[in-house]
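Engineer:
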Amino acid sequence: MHPPKNAALQAPEPPSDELTFVLDSVLGRLRAQMRPEQFDTWYRAFGVGELSQDELEFTAPSGFVRDWLNRNYYDRIQGALDTVLDAMGWPRRRVRIILGRSVLGEVPATGGAEPIPIHGALRSGDARRDQDGSAQQLVSSAVEQLVDPATSCGVEDLPKARLVSAPSDRITAPVRLNRDYTFDHYVVGPSNQLAHAAAEAVGANPGKGYNPLFVHGNVGMGKTHLLQSICHAVGKRSPASRVLYLGCEEFTNRFISAIQNSGLAKFRDHYRSADVLVIDDVQFLVGKEKTQEELFHNFNALYDNGKQIVFSSDRSPAEIPGIEERLVSRFKWGLVTDVQPPCLETRFAIVKRKGLLRGADLDDEVAALIAERITTNIREVEGAVIRVIGVAAVTQRPITLALAEEALRGISGAVRTRQITVPDIISLVTNEFSITPRDLTGRCRTSRVSLPRQIGMYLSRKFTDLSLEEIGHQFSRDHTTVMYSVSRIKERSTTDKSFRELLARLASRLESGNLDRPARKD
36 MHPPKNAALQ
46 APEPPSDELT
56 FVLDSVLGRL
66 RAQMRPEQFD
76 TWYRAFGVGE
86 LSQDELEFTA
96 PSGFVRDWLN
106 RNYYDRIQGA
116 LDTVLDAMGW
126 PRRRVRIILG
136 RSVLGEVPAT
146 GGAEPIPIHG
156 ALRSGDARRD
166 QDGSAQQLVS
176 SAVEQLVDPA
186 TSCGVEDLPK
196 ARLVSAPSDR
206 ITAPVRLNRD
216 YTFDHYVVGP
226 SNQLAHAAAE
236 AVGANPGKGY
246 NPLFVHGNVG
256 MGKTHLLQSI
266 CHAVGKRSPA
276 SRVLYLGCEE
286 FTNRFISAIQ
296 NSGLAKFRDH
306 YRSADVLVID
316 DVQFLVGKEK
326 TQEELFHNFN
336 ALYDNGKQIV
346 FSSDRSPAEI
356 PGIEERLVSR
366 FKWGLVTDVQ
376 PPCLETRFAI
386 VKRKGLLRGA
396 DLDDEVAALI
406 AERITTNIRE
416 VEGAVIRVIG
426 VAAVTQRPIT
436 LALAEEALRG
446 ISGAVRTRQI
456 TVPDIISLVT
466 NEFSITPRDL
476 TGRCRTSRVS
486 LPRQIGMYLS
496 RKFTDLSLEE
506 IGHQFSRDHT
516 TVMYSVSRIK
526 ERSTTDKSFR
536 ELLARLASRL
546 ESGNLDRPAR
556 KD
């Protein structure tokens with residue numbers, strides 16, 4: 036910290052409106068240094084507190100956000116504050132991040148969490164039941180959602196979408212669009228930013244820019260959400276437009292049906308008269324030569340008339356085997372963009388957003404647990420949110436960290452080649468640090484043993500689905516010791532590069548099953 040340039044002429048303490056100006060200026064500098072989703076996640080409720088001669092307090096909305104900012108963004112905040120105060124001619128102050136006083140005032144004396152009302156814990160589809168429906172009906176609904184979380188991630192049957200206005204004698208079927216799959220509900224991050232921007236542009240001006248738009252990515256990355264968002268956007272801007280949305284298999288089945296029933300002319304007229312044609316999962320064209328040929332000619336007719344075409348697939352056009360080269364070439368005419376697995380900040384924002392859509396304002400600690408535990412795709416993240424809310428509804432308990440741990444037990448968003456257990460971790464750590472399992476789980480508190488023990492607890496937390504209490508039992512400690520150990524290891528890994536590399540090596544050996552310490556090279 037730099038001392039004031041002239042202590043004798045130290046600037047007077049600024050009034051509250053000037054402190055607000057300082058806060059806005061600091062936030063402005065931070066916003067310019069970060070991705071939008073990062074800024075929104077960590078600073079959307081950032082406030083300013085009291086000013087002292089040495090410190091300026093900033094307030095966080097929760098203990099989780101406060102701790103995260105202290106661990107990961109403290110230097111950045113301090114640098115922004117230094118720059119702002121220097122420009123204003125005020126002496127520098129040290130940053131202190133505290134829990135907002137309004138938040139402190141809301142915590143019950145018992146420290147318990149207020150339960151989320153059961154009637155708001157599930158998605159709005161519950162409104163189809165009578166308001167005075169029995170508790171048993173509600174529990175049954177929640178259990179149905181828990182049976183297969185993937186199927187309840189927004190795949191809600193809706194009436195025939197008004198976006199599709201084909202006459203009844205056309206070859207068509209009810210097209211079901213998820214009302215939540217709009218751009219307003221899409222969480223943007225670095226993994227999907229280009230795809231989202233392109234989809235928004237298509238929704239605003241179909242046929243004018245990216246035509247065709249081809250979005251590819253693994254299962255559960257939000258491709259269908261983007262495609263249906265385009266349909267909703269076009270329908271809202273141009274209600275008279277004919278927007279056809281369907282899966283590739285449905286297109287194939289209707290093509291076959293048209294051939295069998297001498298309805299090919301109607302089939303072609305139906306699809307070639309669309310203003311926007313959106314086909315999901317075109318990888319299912321593989322091996323269907325006649326369908327590929329029909330789609331090729333439909334593509335040409337639509338494109339020549341300036342109509343918008345949108346495709347999605349689980350891989351890029353060039354990587355889909357068994358697709359005619361001329362059709363692959365058409366896929367590439369416009370923009371080919373991908374969606375990747377979301378980063379931690381994006382997953383955190385998704386969890387918060389999906390919780391709110393289902394009537395649950397999840398605590399940051401709960402949201403962070405889900406975001407850290409489920410890493411593979413958005414569908415798994417959303418399924419985990421539904422599972423947590425459903426368990427709370429069924430058991431009539433508040434959504435706490437302990438309940439979330441219980442609900443997520445057995446769910447793993449990352450595919451591993453082997454099951455990792457605490458005994459595996461104990462074996463790895465004792466071999467690495469040349470100590471015995473009895474040392475690790477005993478009462479010894481010397482630094483020679485305490486650090487390996489903390490690492491063992493940290494790895495157990497990261498690689499197993501055990502609760503804090505269960506991990507503590509394995510190490511003969513209570514759950515608060517486990518929490519402290521995990522926090523200490525995370526904190527040290529943010530500032531100590533060699534320690535971070537050690538953790539990475541241990542994690543790699545753990546996942547590969549190589550629990551013995553590598554032999555030293557002479």
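Residue numbers are given in the numbering used here: position 240 of the sequence shown equals residue 275, and the series is strictly consecutive. Glycine residues also receive a C-beta, built at the ideal position from the N, C-alpha and C atoms.
Say whether the region 67-77 touches the region 356-372, bearing in mind that this needs 3 or more beta-carbon pairs closer than 8 Å, one atom from each stretch.
Structural biologist: no
Engineer: Below 8 Å, how does it come out for the region 490-497 and the region 510-525: are there three or more Cβ pairs, yes or no?
Structural biologist: Contact between the region 490-497 and the region 510-525 is established, with three or more Cβ pairs separated by less than 8 Å.
Engineer: Using 8 Å for Cβ pairs, my map puts L550 next to L494. What's the rounded Cβ distance?
Structural biologist: Translated into positions along the sequence shown, residue 550 becomes position 515. Translated into positions along the sequence shown, residue 494 becomes position 459. Not quite, the Cβ-Cβ distance comes to about 12 Å (not below 8 Å), so this is no contact.
Engineer: Relative to the C-alpha of L134, which candidate in N105, L299, A122, D59 has its C-alpha closest?
Structural biologist: In the sequence shown, the residue the question calls residue 134 occupies position 99. Of the listed residues, the one whose Cα sits closest to L134 is N105.
Engineer: To the nearest angstrom, how far is the alpha carbon of F346 from that of V254?
Structural biologist: The residue labelled residue 346 in the question sits at position 311 within the sequence shown. The residue labelled residue 254 in the question sits at position 219 within the sequence shown. Between F346 and V254, the C-alpha separation is close to 15 Å.
Engineer: Go through its chain and collect everything with a Cβ distance to I112's Cβ below 8 Å, but skip five positions before and after it.
Structural biologist: As a working note, residue 112 is residue 77 in the sequence shown. If we look at I112 and ignore the five residues flanking it on each side, its Cβ neighbours are V61, L65, F93, L104, V130, I132.
Engineer: So for V83, helix, strand or coil by DSSP?
Structural biologist: As a working note, residue 83 is residue 48 in the sequence shown. Here V83 sits in strand by DSSP.
Engineer: Please list the terminal residues of the continuous alpha helix (DSSP H) segment that includes D316.
Structural biologist: Residue numbering aside, residue 316 sits at position 281 when the sequence shown is read from its first letter. Here D316 belongs to no alpha helix (DSSP H), and DSSP marks it neither H nor E.
Engineer: Is it buried or exposed for P458, if we count other Cβ within 10 angstroms and need 16 for buried?
Structural biologist: Sequence index remark: in the sequence shown, residue 458 carries index 423 (1-based). P458 should be labelled exposed.
Engineer: From which residue to which residue does the alpha helix (DSSP H) around R523 run?
Structural biologist: Counted from its first residue, the sequence shown places residue 523 at position 488. 514-530 is the span of the alpha helix (DSSP H), which, as asked, contains R523.
Engineer: Whole angstroms are fine: how far does the CA of A230 sit from the CA of R432?
Structural biologist: Locating residue 432 in the sequence shown gives position 397, where the first residue counts as 1. Locating residue 230 in the sequence shown gives position 195, where the first residue counts as 1. Taking the straight line joining both Cα atoms gives about 39 Å.
Engineer: Where do the ends of the alpha helix (DSSP H) carrying E380 lie?
Structural biologist: Reading the sequence shown from its first residue, position 345 is the one you call residue 380. For E380, the enclosing alpha helix (DSSP H) starts and ends at 379-392.
Engineer: Looking only at DSSP bridge pairs, what is V278 linked to?
Structural biologist: Counted from its first residue, the sequence shown places residue 278 at position 243. V278 is bridged to V311.
Engineer: If V237 and I265 are in contact, beta carbons under 8 Å, what's the gap, nearest whole angstrom?
Structural biologist: To locate residue 237, count along the sequence shown from 1; it is residue 202. To locate residue 265, count along the sequence shown from 1; it is residue 230. Contact between V237 and I265 is confirmed by a C-beta separation of about 5 Å, below the 8 Å threshold.
Engineer: Rounded C-beta distance between L404 and A439? I'm assuming under 8 Å.
Structural biologist: Walking along the sequence shown from the start, residue 404 turns up at place 369. Walking along the sequence shown from the start, residue 439 turns up at place 404. Rounded, the Cβ-Cβ distance is 5 Å, consistent with contact.
Engineer: Quick check on DSSP: helix, strand or coil for I434?
Structural biologist: One-based indexing of the sequence shown puts residue 434 at position 399. I434 falls in the coil class under three-state DSSP.
Engineer: Locate the beta strand (DSSP E) running through E90, then write down its first and last residues.
Structural biologist: By 1-based counting over the sequence shown, the position of residue 90 is 55. Unbroken beta strand (DSSP E) run through E90: 90-95.
Engineer: Taking S351 as part of the beta strand (DSSP E), name the residues at either end of that continuous run.
Structural biologist: Residue mapping note: residue 351 aligns to position 316 of the sequence shown, counting from 1. First-last for S351: undefined, no H or E at that position.
Engineer: Starting from the C-beta of R365, find all residues in its chain whose C-beta is less than 6 Å away, skip the five residues before and the five after it, and write them out in chain order.
Structural biologist: For this step, residue 365 is matched to residue 330 along the sequence shown. Answer for R365: F334, listed in chain order.
Engineer: Got a sec? Which residues, its chain only, sit under 7 Å from I344 by beta carbon, not counting five neighbours each side?
Structural biologist: By one-based count along the sequence shown, residue 344 stands at place 309. Around I344: N246, P247, L312, F334, L337, Y338.
Engineer: Among E85, S348, P352, which has the Cα closest to the Cα of L54?
Structural biologist: By one-based count along the sequence shown, residue 54 stands at place 19. Of E85, S348, P352, the residue nearest in Cα terms is E85.
Engineer: Could you name the residues that DSSP lists as bridge partners for V371?
Structural biologist: Your numbering for residue 371 matches position 336 in the sequence shown. Paired residues: F249.
Engineer: Is it a yes or a no for the region 388-395 touching the region 214-223, going by three-plus beta-carbon pairs under 8 Å?
Structural biologist: yes
Engineer: Less than 8 Å between the C-beta atoms of I434 and G257, yes or no?
Structural biologist: On the sequence shown, residue 434 is found 399 positions in, with the first residue counted as 1. On the sequence shown, residue 257 is found 222 positions in, with the first residue counted as 1. Result no, Cβ atoms of I434 and G257 do not sit closer than 8 Å.
Engineer: My assumption, with CB atoms under 8 Å, is that R400 sits in contact with I409. Please give the rounded CB distance.
Structural biologist: On the sequence shown, position 365 is the one that residue 400 refers to. On the sequence shown, position 374 is the one that residue 409 refers to. Rather than Arg, the amino acid found at residue 400 in this sequence is Glu. The pair is not a contact, with the Cβ atoms about 15 Å apart (cut-off 8 Å).
Engineer: Evaluate R350 with the Cβ neighbour count: other Cβ atoms within 10 Å of its Cβ, from every protein chain shown; 16 or more gives buried, anything less gives exposed.
Structural biologist: By one-based count along the sequence shown, residue 350 stands at place 315. R350 should be labelled exposed.
Engineer: In whole angstroms, what is the alpha-carbon distance linking V250 and S348?
Structural biologist: For the purposes of this step, residue 250 is taken as the residue at position 215 of the sequence shown. For the purposes of this step, residue 348 is taken as the residue at position 313 of the sequence shown. So the two alpha carbons sit approximately 7 Å from each other.
Engineer: Would you kindly report the start and end of the unbroken alpha helix (DSSP H) that includes R131?
Structural biologist: For this step, residue 131 is matched to residue 96 along the sequence shown. DSSP places R131 in no alpha helix (DSSP H) but in the uninterrupted beta strand (DSSP E) bounded by 129-134.
Engineer: Starting from G98, follow the alpha helix (DSSP H) in both directions and report where the run begins and ends.
Structural biologist: The residue given as residue 98 occupies position 63 in the sequence shown. For G98, the enclosing alpha helix (DSSP H) begins and ends at 98-107.
Engineer: Using the three-state DSSP reduction, which class does V401 fall into: helix, strand or coil?
Structural biologist: For this step, residue 401 is matched to residue 366 along the sequence shown. It is helical.
Engineer: Go to F498, then tell me how far its alpha helix (DSSP H) extends in each direction, as first and last residue.
Structural biologist: Within the sequence shown, numbered from 1, the residue matching residue 498 stands at position 463. That run of the alpha helix (DSSP H) goes 482-498.
Engineer: Take E235 and list the residues in its own chain whose beta-carbon comes closer than 7 Å to its own, dropping the five residues that flank it on each side.
Structural biologist: As a position in the sequence shown, residue 235 is number 200, starting the count at 1. So the qualifying residues of the chain are F218.
Engineer: Check the DSSP bridge columns for I358 and list the partner residues they point to.
Structural biologist: In the sequence shown, the residue the question calls residue 358 occupies position 323. Answer is none; I358 lacks a bridge partner.
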